[in-house]
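If you count by this note's numbering, then the sequence shown holds residues 24 to 469, one letter each, in order.
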Amino acid sequence: MHQNTAPITTLKTASSAEQAVMRKVSRRLLGFLFLCFVLSFLDRINIGFAGLTMMGDLGLSSTQFGMATTLFYIAYIACGIPSNMALARVGARKWIGSLMIAWGLASTATLFATDAGSLYVLRILVGITEAGFLPGVLLYLTFWFPAAYRARANALFMIAMPFTAGFGSALSGLILSLDGVWGLHGWQWLFLLEGMPSVVMGFVVFGYLNDTPGQAHWLSPEDKQQLQQALAADKPLATQTVAAEHGSLLREMLSPTVLLFSLVYFCLVNTLAMIAVWTPLIIKSISAADSSNSTIGFLAMIPQVCTIIGMVLWGLHSDRSQERKWHLVLPMLMAAAGWLFAAYAGNPLVQLCGICMAATGSYTAMSIFWTTPDQALSFEARAIGIAVINAFGNIGSALNPLVVGWLKDLTQSFTAGIVYTTVLLALGALLTLLLPLPTSRHAQVL
């Protein structure tokens, strides 16, 4: 891949007018999209907490429970690329709003599950409807944030994942205590109270988001011109460095570079699925036998608090040093070490520290990862390319719950599943060293 020698906008070289516009865009969009992602991720991972009581109520084995999440991700993977193509045609406002309403209703409907088969169908529906959200927003951010500003924008948006996992752990543990109220199980209350807010927010999206800067009533004509000029400056640079090399969008999607990004993300996403789905049950297995679901919820929140702090500090360090590759490799190795502590330490406190290391390293690596694929994609290929990398990587999300659930049933322990996840993390770190990333990348700190 040819290295681009054109001047890159940095904090020192960007005009004060451009920086002022980007502050307006950040204030308007990032907080709102963060809240939308919180609701999205909550509806994705709440089944992990529901499993604390749902498995017994519905008579599910660990393999069956893992299969429900695997089917969710199979649907998620299958629909991610067409969903991003639809967003590019329909517009983010209509498409993201419609997705939120649809997945909110599907997630809420999970309270009607009565056995493994009905749970499978309902989780497939959630996977279909939620598939386009994350790749869609990552694409949407490229419509508003020039490359020099996008690293920090992605990181601030993605903090929603550990925030939701932490806040959702405490909230879900408390909701489960409603067991028996109005004749509903605690896990039924969980899907009801955490699914319906997405429906409400979907309607808000229709009135709040704008598809393009040109439609933004909250930007002055001068602001719009400034932003569109900054965005336009990205397009020829990306096309020049990538599209000319590959010649066509299809060849670009199948290039070794894109496939390598996809493999790295596959290895990384395995550990994210491990954290999202199995952490409550792992913490329960290492906790005192009489620990309540509320106690487990608050214990599961600790790794996510550590993760938020780690993401912010490591992201700032990456921006200041202008380096991405090692800032991606080191958190992955830290996560691998953390899982080994969780599996073999024997001491519950050390095991919890290991889970903190695994969560912090995994999510921090993800936030850094999504600052890099745009270097391997032309402007024209982003809609499909981001969806391809996200979809391929999430095969790991589909496999992990099934493999870990099967290993848990086979060995009566989470140790084998943790080792499986650790090996993939180590492999992902090695593959990251092969990514064609520059040793220094200028990124704007908002």
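Don't be surprised by glycine CBs; every beta carbon is placed ideally from N, CA and C.
**Study point:** Range covered by the alpha helix (DSSP H) that runs through residue 205
**Key:** That residue, residue 205, is in no alpha helix (DSSP H); it is neither H nor E in DSSP.
Point to revise | Neighbourhood of residue 166 by C-beta, 7 Å cutoff - its chain only, sequence neighbours within 5 removed | key: Taken in chain order, the residues that qualify are 235.
Review point. Counting pairs of beta carbons, one from the segment 282-297 and one from the segment 155-162, are three or more of them closer than 8 Å?
Key: Segments in contact, no.
Review point. Leaving out five residues before and five after residue 439 in sequence, what residues of the same chain have Cβ atoms less than 7 Å from its Cβ?
Key: So the qualifying residues of the chain are 430.
Point to revise | Exposure of residue 333, with buried meaning 16 or more beta-carbon neighbours within 10 Å | key: The residue in question, residue 333, is buried, as its Cβ has 16 or more Cβ neighbours within 10 Å.
Check your understanding: How would you label residue 367, buried or exposed, when you count the other beta carbons within 10 angstroms and need 16 or more for buried?
Key -> So residue 367 ends up on the exposed side.
Point to revise | Among 244, 84, 55, nearest to residue 435 - alpha-carbon criterion | key: Answer by Cα proximity: 84.
**Study point:** For residue 198 and residue 150, believed in contact at Cβ under 8 Å, the rounded distance
**Key:** With a Cβ gap of about 22 Å, residue 150 and residue 198 do not count as contacting.
Review point. Roughly how many angstroms lie between the CA atoms of residue 370 and residue 377, to the nearest whole one?
Key: Answer to the nearest angstrom: the Cα atoms are 10 Å apart.
Review point. Is it a yes or a no for the segment 350-364 touching the segment 410-418, going by three-plus beta-carbon pairs under 8 Å?
Key: Under the Cβ criterion (8 Å, minimum of three pairs), the segment 350-364 does not count as touching the segment 410-418.
Review point. Does the distance from the C-beta atom of residue 173 to that of residue 338 stay below 9 Å?
Key: Taking 9 Å as the cut-off, the Cβ atoms of residue 173 and residue 338 do not count as close.
Point to revise | Backbone secondary structure at residue 347 - three-state DSSP | key: Coil.
Check your understanding: Is the number of C-beta pairs between the segment 137-155 and the segment 75-93 that are closer than 8 Å three or more?
Key -> Three or more beta-carbon pairs drawn from the segment 137-155 and the segment 75-93 are found closer than 8 Å, and the two stretches are therefore classed as touching.
Point to revise | Rounded separation between residue 183 and residue 79 - CA only | key: Distance between the alpha carbons of residue 183 and residue 79 is about 30 Å.
Exercise for review: Measure the alpha-carbon distance for residue 128 versus residue 423 and round it to whole angstroms.
Suggested key: Rounded to the nearest angstrom, the two C-alpha atoms are 26 Å apart.
Review point. Taking residue 39 as the reference, which of 123, 253, 178, 102 has the closest Cα?
Key: Looking only at 123, 253, 178, 102, the smallest Cα-Cα distance to residue 39 is reached by 253.
Point to revise | residue 341 versus residue 453 - alpha carbon distance | key: Computed Cα separation, rounded: 19 Å.
Check your understanding: Three-state secondary structure (DSSP) at residue 437?
Key -> Coil at residue 437, not helix or strand.
Review point. Residue 28: buried (16+ other C-beta within 10 angstroms of its C-beta) or exposed?
Key: Its pLDDT being 42, under 50, residue 28 is placed unreliably by the model, and the measurement read from it follows with that caveat. By the Cβ neighbour-count rule, residue 28 is exposed, with fewer than 16 other Cβ atoms within 10 Å of its own.
Practice item. Using a threshold of 9 Å, state whether the C-beta atoms of residue 191 and residue 65 are closer than that. Key: Taking 9 Å as the Cβ cut-off, residue 191 and residue 65 qualify as a contacting pair.
Practice item. Tell me where the alpha helix (DSSP H) around residue 135 begins and ends. Key: For residue 135, there is no enclosing alpha helix (DSSP H), since its DSSP letter is neither H nor E.
Check your understanding: Does DSSP put residue 235 in a helix, in a strand, or in coil?
Key -> If DSSP states are grouped into helix, strand and coil, residue 235 belongs with coil.
Point to revise | Run of the alpha helix (DSSP H) containing residue 391, from where it starts to where it stops | key: Looking at the DSSP string, the run of the alpha helix (DSSP H) that includes residue 391 is 371-392.
Review point. Is there contact here, the segment 344-354 with the segment 375-395, by at least three beta-carbon pairs under 8 Å?
Key: At 8 Å Cβ cutoff, the stretches touch.
**Study point:** Presumed contact (8 Å Cβ cut-off) between residue 226 and residue 120, rounded CB distance
**Key:** Yes, residue 226 and residue 120 are in contact; Cβ-Cβ is about 7 Å, under 8 Å.
Exercise for review: Taking residue 103 as part of the alpha helix (DSSP H), name the residues at either end of that continuous run.
Suggested key: That run of the alpha helix (DSSP H) goes 85-113.
Check your understanding: When burial is assigned at 16 or more other CB atoms within 10 Å of the CB, is residue 240 buried or exposed?
Key -> Residue 240 is exposed by the Cβ-count criterion.
Exercise for review: Along the alpha helix (DSSP H) that carries residue 158, what are the first and last residues, could you check?
Suggested key: Residue 158 -> alpha helix (DSSP H) spans 156-167.
Exercise for review: Locate the alpha helix (DSSP H) running through residue 71, then write down its first and last residues.
Suggested key: 39-81 is the span of the alpha helix (DSSP H), which, as asked, contains residue 71.
Review point. What three-state label does DSSP hand residue 241 in the structure shown?
Key: Looking at residue 241 - three-state DSSP - the assignment turns out to be coil, as it is neither helix nor strand.
**Study point:** residue 247 versus residue 168 - alpha carbon distance
**Key:** Near 12 Å, if we compare the C-alpha coordinates of residue 168 and residue 247.
Check your understanding: Along the chain, where does the alpha helix (DSSP H) that runs through residue 280 open and close?
Key -> For residue 280, the enclosing alpha helix (DSSP H) begins and ends at 279-296.
Review point. For residue 220, which three-state DSSP category applies?
Key: Helix at residue 220.
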